[in-house]
Every structure is written in structure tokens, then in C-alpha cells.
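Undergrad:
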Amino acid sequence: MDSLKVIVVGAGMGGLTAGIALKQAGYEVEIYDRVAELRPAGAGISLWSNGVKILNRLGLGKQIAAIGGQMNRMEYRTTTGELLNNIDLLPLAHDVGQRPYPVARTDLQHMLLKAFPDEVKLGYCCVAVEQDDEQVTAIFDNGHRATGDLLVAADGIRSVCRKYVLDEDVAPQYGGYVNWNGLVPVSEDLAPKDTWAIYVGEHKRVSMMPVAGDRFYFFFDMPMSPEEASQPGDIREDLTKFFAGWAEPVQALIQRLDPEKTNRVLIHDLGPLDRMVRGRVALLGDAAHATCPDLGQGGCQAVEDALVLTNYLMSTNISVADALKRYEAERVERTGAVVQKARKRAEQIHGKDPVVTQQWYEQLSQEKPSDVRNAIAKVILGGPLR
Ligand SMILES: Cc1cc2nc3c(=O)[nH]c(=O)nc-3n(C[C@H](O)[C@H](O)[C@H](O)COP(=O)(O)OP(=O)(O)OC[C@H]3O[C@@H](n4cnc5c(N)ncnc54)[C@H](O)[C@@H]3O)c2cc1C
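Under our numbering, the first residue of the sequence shown carries the number 236, and numbering increases by one thereafter.
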């Protein structure tokens with residue numbers, strides 16, 4: 236179909252990537268976000284090869300490579316630093332056709348904003364959606380009404396558009412743990428600068444991965460009841476207490492991080508849903524399938540959504556609603572499987588069943604690096620660009 240006008244609600248990585256892809260397809264695109272100033276939630280993100288390939292396809296290959304960290308290896312260690320496994324990631328890049336890129340979220344957001352040729356409209360909070368046989372309208376709290384041929388609802392895990400699409404409230408579920416994340420300068424006493432270093436034990440996890448600008452994106456995971464999780468303490472004090480006795484690099488990281496710039500997040504996911512579309516409205520990204528970050532795939536799925544949606548609009552000509560139904564049929568299956576796999580992985584890592592987690596610790600030291608790579612490759616190759 237040509238000559239469509241698309242309204243995008245939400246300028247996160249999903250909404251922006253959709254805006255770029257739809258604009259490149261020749262459509263008129265307006266992106267709206269409720270915030271007055273766009274600031275990414277979180278410090279870093281690992282963009283696995285399925286997400287990177289889509290950015291390549293959108294002509295952003297050089298830009299993503301420039302902000303991506305060189306993550307050549309993956310090392311698992313015990314709480315006290317003994318090496319459990321050491322996995323060369325270069326064969327993975329070879330197998331799937333593209334290396335993954337850990338990136339700082341501000342770098343990613345700048346890159347996407349620069350690639351979207353128009354201004355994102357800020358300070359517009361979508362409160363309602365209306366549609367008829369001809370068009371769809373997003374209604375904002377400031378009274379503005381934006382009308383187009385279709386509406387892409389990329390308004391995140393607490394999406395207001397989701398209720399309109401599903402005609403019911405589906406609440407996110409707590410993933411059982413709290414995550415602290417931030418950036419620190421690269422330093423060899425923390426981890427080798429080309430390595431994704433992961434410490435596991437006591438159902439907790441500490442991770443550092445390189446991003447551009449000689450920085451590590453770090454995170455700490457700690458299982459907590461919803462009641463404990465809702466009471467944040469002093470960041471350094473909490474981490475010192477929760478990770479007491481862990482290896483020297485973990486202690487150095489706790490001392491070196493900037494508490495003012497460290498995020499504390501209660502992990503939630505959503506679904507899987509069996510619908511993503513109502514007429515001319517399509518959910519995209521976390522609005523449809525927020526995912527526990529334990530596979531590093533939530534944002535990659537939003538990027539996949541953007542390409543698949545654009546492809547159906549470009550390649551079919553029955554109607555907008557028909558193209559969106561095809562998008563839904565393809566994406567419900569893929570994203571549902573990723574949401575479930577990531578939740579299972581979150582439970583395995585964070586001790587939902589302590590026996591399963593103990594088995595995983597034991598398995599880590601015996602697992603062949605090629606098995607770990609193959610498991611990652613399988614998720615990557617389930618995406619739209621193989
Ligand atoms: C700790 C953590 C680590 C993660 N790590 C990874 C990783 O390594 N790899 C990976 O691929 N994914 C990761 N993810 C998942 C990833 O962050 C998300 O999947 C991704 O950010 C979703 O993008 P989105 O655009 O769908 O939603 P969001 O980024 O949430 O953007 C939604 C936008 O909509 C706007 N908005 C909301 N409501 C309205 C409204 N009513 N009107 C107008 N605008 C509105 C918001 O202001 C926001 O800008 C991680 C998530 C977490 C929490």
C-alpha cells in the first residue's frame with residue numbers, strides 16, 4: 236500500500252524504529268510521546284544479532300557498529316570468581332551473520348532520533364483511541380487529536396492503547412527480582428574489555444559488558460518478594476550487603492559505580508498475549524510483549540516488530556486491517572515464545588525452584604561453549620532476517 240499516514244504513540248526504541256522503517260517506506264509518520272524530554276530508561280542494552288540485522292537493513296549499520304561494544308567472549312564465574320565457562324562469541328557472529336552489540340541506551344536513542352527525519356512531538360500523552368472504517372484517531376490529554384490510516388501503539392509496558400486493543404486490562408507480572416544497572420569506565424581489574432563477565436550464585440547475578448566509549452554496562456540482579464522490592468534502600472549499602480563475600484571485581488564495581496546514575500528496576504513481563512491488533516491499531520514492543528531481560532531480547536523484539544509491520548504494509552494491498560492481521564499472526568507466535576523462554580530463564584537464574592538453579596550452576600561448568608552459542612543462535616535465527 237502506498238500513501239499511508241501513520242500515527243505512532245511512544246518514542247522508545249520500538250516507536251522510533253517503526254517510525255524510521257515506515258518513513259523509509261514512503262509513509263507520512265507522526266511520532267508522539269508523553270514526556271517533555273526523551274530520556275532512556277536504563278543504562279545499557281545488549282542488542283543481539285537479530286536486532287542489529289534489522290538496523291543494518293534500515294541503513295544504520297555503521298552507526299550501530301560505532302556505538303556497539305566489542306563483546307568477543309562471555310565468561311561465567313562463581314560468586315568467588317572461579318571460572319565456570321569461557322565462551323568465544325566470534326563463531327556465533329559467524330553462524331548468524333552479525334555480531335551482537337551491547338550499547339549505552341542514550342547512544343542508541345540519539346542514533347534512532349537522528350535517523351528519524353522529523354521532530355518527535357513531545358508532551359503529548361495519549362489518553363484514548365477512536366476508529367471507524369476510514370481512519371483512526373489518537374486523542375491526547377492536551378486536547379490534540381492525531382488522525383491517520385493506522386496507529387502504532389508503542390507506548391511501553393504500561394500501555395494505555397493496550398486496553399483499547401484487547402478490550403480488557405492485562406497487567407504486567409512481577410518477574411521476582413530487582414535489577415540495578417549503570418555504566419562505569421572500563422578497567423582491567425573489573426573484567427577484560429572485550430568480555431561479557433557474569434558472576435552467578437545464591438540465585439543472584441552480576442554482569443558487566445563492554446559498550447563504546449570504554450565503558451562497561453553493568454547490572455546486579457537480586458531476587459526479592461514484591462514487598463521487599465517496593466522498599467528501595469541506599470544503593471551502595473544495599474549492594475554491599477546483598478553481594479558481601481563476592482569476588483574482588485564485584486566489590487570494586489560496587490565501590491566505583493555512581494549511585495546517582497544507577498537505576499533500580501523491578502523486573503516485570505507481560506503475556507504472552509494472543510492478540511496485538513484491533514482494526515487499524517497495532518501494538519508494538521513492550522506494549523504487547525514486555526519480556527524479562529534474561530535473554531536480552533525484549534528490545535530486539537520491538538525492533539523485529541517494526542520491520543515486520545512495515546513489510547506487510549508495503550507488500551500487501553487488501554487493506555490496512557488485513558496487513559495488521561498478518562503482522563499479528565507472525566508476531567504473536569514469535570514474541571510469545573520469547574516472553575515464555577525469558578521468564579523460564581529468569582526463574583532458572585533467580586532460584587524460583589532452588590533445585591533447578593543448583594542444576595544450572597552445575598551444568599554451567601560442564602556445558603560445551605558450542606551448546607551455549609547454539610542456544611543463543613536459535614533465538615536469533617527465529618527473527619525475520621535469517
Ligand atoms: C533492566 C532491563 C534490561 C533490559 N535489557 C535488554 C537487553 O539487553 N536487550 C533487549 O533487547 N532488551 C532489553 N530490555 C527490554 C527493553 O528495554 C524493552 O523491550 C524496550 O525498551 C521496549 O521498547 P518500547 O519502545 O516498546 O517501549 P519503551 O522503551 O518503554 O517506550 C515507550 C514510550 O512510550 C511513551 N509513552 C508511554 N505512555 C504513553 C502515552 N500514553 N502517550 C504517549 N507516549 C507514551 C513513554 O514515554 C516511552 O517513551 C531490558 C529491559 C529492562 C527493564
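We treat Cβ as the ideally placed atom computed from N, Cα and C, and that holds for glycine. These numbers were taken from a predicted model, which means no experiment stands behind them.
What residue range does the beta strand (DSSP E) around T382 cover?
TA: 380-383
Undergrad: Should the region 263-282 be regarded as contacting the region 308-318, the criterion being three or more beta carbon pairs within less than 8 Å?
TA: no
Undergrad: Beta-carbon separation of R312 and A464 under 8 Å?
TA: no
Undergrad: Using CA atoms only, rank isn't needed, just tell me which of K496, E582, R510 is closest to L530.
TA: E582
Undergrad: Return the residue from the list G533, P619, L548, P335 that minimises the CA-CA distance to R515.
TA: L548
Undergrad: Just the C-alpha distance for A260 and H585, rounded to the nearest angstrom, thanks.
TA: 43 Å
Undergrad: Nearest to I242 by CA position, among D342, A339, R308, C396, is which residue?
TA: C396
Undergrad: If you run the structure through DSSP and keep just helix, strand and coil, what is K439?
TA: strand
Undergrad: With distances taken Cα to Cα, identify the nearest neighbour of P507 among W283, R566, M457, A487.
TA: R566
Undergrad: Answer with yes or no whether the minimum CB distance from T551 to chain D is below 8 Å.
TA: Judged by its chain identifiers, the structure shown contains no chain D, having just a single protein chain.
Undergrad: Measuring CA to CA, which of A300, Y336, A388 is closest to A253?
TA: Ranked by how close their Cα comes to the Cα of A253, the residues A300, Y336, A388 have A388 in first place.
Undergrad: Using DSSP's beta-bridge definition, name the partner residues of I242.
TA: Answer by DSSP bridge pairing, in chain order: E265, L386.
Undergrad: Give a yes or no on contact between the region 283-291 and the region 532-549, applying the rule of three or more CB pairs nearer than 8 Å.
TA: Taking a cut-off of 8 Å for Cβ pairs, the region 283-291 and the region 532-549 touch, as three or more such pairs fall below it.
Undergrad: Per DSSP, which one or two residues make a beta bridge with Q408?
TA: D504
Undergrad: As a quick exercise: from M444, P467, R440, Y452, pick the residue whose alpha carbon is nearest that of A479.
TA: R440
Undergrad: For L599, which residues of its own chain have a beta-carbon under 8 Å away from its beta-carbon, when the five flanking residues on both sides are left out?
TA: Y311, L319, N320, V435
Undergrad: For ligand 1, is there a heavy atom less than 7 Å away from the beta-carbon of V244?
TA: yes
Undergrad: Rounding to the nearest angstrom, what Cα-Cα distance links V573 and T526 in this structure?
TA: 7 Å
Undergrad: Nearest by alpha-carbon distance to D424: which of V371, A487, E437, K476 is it?
TA: A487
Undergrad: Checking the sheet assignment: what are the DSSP bridge partners for D456?
TA: N414, R440
Undergrad: Verify the contact flag: R578, CB atom, against every heavy atom of ligand 1, threshold strictly below 7 Å.
TA: no
Undergrad: Quick one: is L325 buried, meaning 16 or more other Cβ sit within 10 Å of its Cβ, or exposed?
TA: exposed
Undergrad: Tell me the start and end of each unbroken alpha helix (DSSP H) in the region 472-543 that is at least 4 residues and wholly inside, in chain order.
TA: 483-491, 521-524
Undergrad: Spell out a yes or no on whether the region 448-457 and the region 405-424 are touching, meaning 3 or more CB-CB pairs, one atom from each, closer than 8 Å.
TA: yes
Undergrad: Under 7 Å: does the beta carbon of Y267 sit that close to some heavy atom of ligand 1?
TA: yes
Undergrad: For S281, write down the residues that DSSP places opposite it in a beta bridge.
TA: P337
Undergrad: Less than 7 Å between the CB of N414 and some heavy atom of ligand 1, yes or no?
TA: N414 Cβ: within cutoff of ligand 1.
Undergrad: Whole angstroms is fine: what's the gap from V512's alpha carbon to A610's?
TA: 31 Å
Undergrad: What does a CB cutoff of less than 8 Å around R308 pick up in its chain, not counting 5 residues either side in sequence?
TA: So the qualifying residues of the chain are N321, I322, D323, L324, P427, D429, T430, W431.
Undergrad: In the DSSP assignment, what are the bridge partners of L318?
TA: R312
Undergrad: Use the C-beta contact count for P337: other C-beta atoms within 10 angstroms, 16 or more gives buried, fewer gives exposed.
TA: With 16 or more Cβ atoms within 10 Å of its Cβ, P337 is classed as buried.
Undergrad: Does Q466 come out as helix, strand or coil in the three-state DSSP assignment?
TA: Here Q466 sits in coil by DSSP.
Undergrad: So the alpha helix (DSSP H) Q298 belongs to, where does it begin and stop?
TA: 296-302
Undergrad: May I ask whether a heavy atom of ligand 1 can be found less than 7 Å away from the beta carbon of S281?
TA: Result yes, Cβ under 7 Å from ligand 1.
Undergrad: Just curious, the beta strand (DSSP E) that Q366 is in, first and last residue?
TA: 361-366
Undergrad: Hey, how far is the Cα of A558 from the Cα of D521?
TA: 21 Å
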